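Engineer: Structure below; questions to follow.
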Amino acid sequence: MSVPVYLPEKVSVLVVDDSDDQRALLRRYFERAGCVVTTVKNAEDAITAYTRATPDLAVIDLVLPGMSGWQLTERLRADLPDCVIAVTSVLDASAYPPSEATLPKPFTGAQIRTVLRDFVPKWTQI
């Protein structure tokens, strides 16, 4: 008789940042934490991505071409109220729109894991 093995569902993360380097860094940190990551470079692509697959966590840069990160945060909150939002920016954190978490730049891998631990209940540390 075999014993069933529980394999936790991976956390899905949507990263929205217009900087190639920042997207790559965020992807690397979240993948190391065991997450499945989708990266996009603007808000319009983010909307397309999250209508195809609902993320557990969205990391949104505030300064984006076209629709701003502030506008995307409001739109995402209306479209997917259960999605955790983490705002990231070089701007002063006091100017961030309301969100569950913040990741002021520069951020660390430890900060990424803290956001996952504190705000995404299904995340289990690997």
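Residue numbering for the sequence shown follows the working numbering, starting at 1225 and increasing by one per position.
Here a beta-carbon is modelled for each residue, glycine too, at the ideal position from N, C-alpha and C.
Since the structure is predicted, the reported quantities are computational estimates derived from the model, not experimental observations.
1. What whole-angstrom Cβ distance do residue 1323 and residue 1309 have, given they're in contact under 8 Å?
2. I'd like the span of the alpha helix (DSSP H) that includes residue 1297, first residue to last.
3. In the DSSP assignment, find the unbroken beta strand (DSSP E) run with residue 1264 in it and report its ends.
4. Is the beta carbon of residue 1285 less than 8 Å from the beta carbon of residue 1236?
5. Could you check if residue 1314 is buried or exposed, using at least 16 other CB atoms within 10 Å of its CB as the buried criterion?
6. Grab me the residues of residue 1333's own chain with a C-beta within less than 7 Å of its C-beta, minus the 5 sequence neighbours each way, in chain order.
7. Quick check: the region 1296-1310 against the region 1258-1278, are there 3 or more CB pairs under 8 Å?
8. When the Cα atoms are used, what is the spatial distance from residue 1250 to residue 1305?
9. Can you list, in chain order, the residues of its chain whose CB lies under 6 Å from that of residue 1325, leaving out five sequence neighbours each side?
10. So, residue 1261 versus residue 1296, is the Cβ gap smaller than 8 Å?
11. Can you round the beta-carbon distance between residue 1238 and residue 1274 to whole angstroms, since I take them to be within the 8 Å contact cut?
12. With DSSP run on the structure shown, which of helix, strand or coil describes residue 1288?
13. May I ask you to report which of helix, strand or coil DSSP gives residue 1237?
Structural biologist: Taking the geometry as given:
1. Walking along the sequence shown from the start, residue 1323 turns up at place 99. Walking along the sequence shown from the start, residue 1309 turns up at place 85. Between residue 1309 and residue 1323 the Cβ distance is about 4 Å, and since that is below 8 Å, they are a contact.
2. As a first step, residue 1297 is located in the sequence shown; it is residue number 73 there, counting from the start. From DSSP, the alpha helix (DSSP H) with residue 1297 extends over 1293-1303.
3. Position 40 of the sequence shown holds residue 1264. Counting along the chain, the beta strand (DSSP E) containing residue 1264 begins and ends at 1260-1264.
4. Here residue 1285 refers to the residue found at position 61 when the sequence shown is read from its first residue. Here residue 1236 refers to the residue found at position 12 when the sequence shown is read from its first residue. No. Outside cutoff.
5. Translated into positions along the sequence shown, residue 1314 becomes position 90. It counts as exposed.
6. Within the sequence shown, residue 1333 is the residue found at index 109, counting from 1. Here residue 1333 has 1253, 1256 as same chain residues with Cβ atoms under 7 Å from its own Cβ, once five neighbours each way along the sequence are excluded.
7. In short, these stretches touch, since the Cβ pair count reaches three.
8. Mapped onto the sequence shown, residue 1250 falls at position 26. Mapped onto the sequence shown, residue 1305 falls at position 81. Taking the CA atoms as reference points, residue 1250 sits about 23 Å from residue 1305.
9. Locating residue 1325 in the sequence shown gives position 101, counting from the first residue. So the list reads 1310, 1339, 1343, once near-sequence residues are dropped.
10. By one-based count along the sequence shown, residue 1261 stands at place 37. By one-based count along the sequence shown, residue 1296 stands at place 72. The answer is no: Cβ separation not under 8 Å.
11. Counting from one through the sequence shown, the residue named residue 1238 turns up at place 14. Counting from one through the sequence shown, the residue named residue 1274 turns up at place 50. Yes, residue 1238 and residue 1274 are in contact; Cβ-Cβ is about 6 Å, under 8 Å.
12. Here residue 1288 refers to the residue found at position 64 of the sequence shown. Note: residue 1288 maps to coil in three-state DSSP.
13. Within the sequence shown, the letter at position 13 stands for residue 1237. The answer is strand: DSSP assigns residue 1237 an E or B state.
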